[in-house]
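Going by the numbering used here, the sequence shown opens with residue 368, and the numbers climb by one from there. For each residue, glycine too, the CB sits at the ideal point set by N, CA and C. Quick caveat: nothing in here was measured; it's all calculated off a predicted structure. Report on one structure; see the data block that follows.
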Amino acid sequence: MSDAVRVRVLVSGRVQGVGYRWFVRGLAESAGLSGSARNLPDGRVEVELEGPADDVRAVVAALSGPDAPGRVTGTVQEDREVQGVPGFTTA
């Protein structure tokens, strides 16, 4: 995967207890991306996505889109080092 990227996105708002992690998992798996989604103690959800750059960008855009469950009030994204680990996990 020469054009692979990995990003970490912190999602703020009402995103815990509303199926948000499962929403992210569905998006990621449909796009063939790996990574994870987990609840943070401060109420945010941390999302890591890895795969082809265009697919990662599309899923990141959907994280705060109209189909996202709950109410997203903000996202903060940072680039990470590609790990090459397959699969998507939720915690």
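{"Asked": "In the structure shown, what three-state DSSP assignment does L430 receive?", "Found": "coil"}
{"Asked": "What does G390 pair with, by DSSP beta-bridge criteria?", "Found": "Checking the sequence shown, residue 390 turns out to be Phe, not Gly. According to DSSP, F390 bridges with nothing at all."}
{"Asked": "Is DSSP giving R411 helix, strand or coil here?", "Found": "coil"}
{"Asked": "What's the call for G404, buried or exposed, on a 16-neighbour Cβ count within 10 Å?", "Found": "First, the residue type needs correcting, since residue 404 is Ala and not Gly in the sequence shown. Label assigned to A404: buried."}
{"Asked": "Would you decide whether A435 is buried or exposed? Buried here means 16 or more other CB atoms lie within 10 Å of its CB.", "Found": "buried"}
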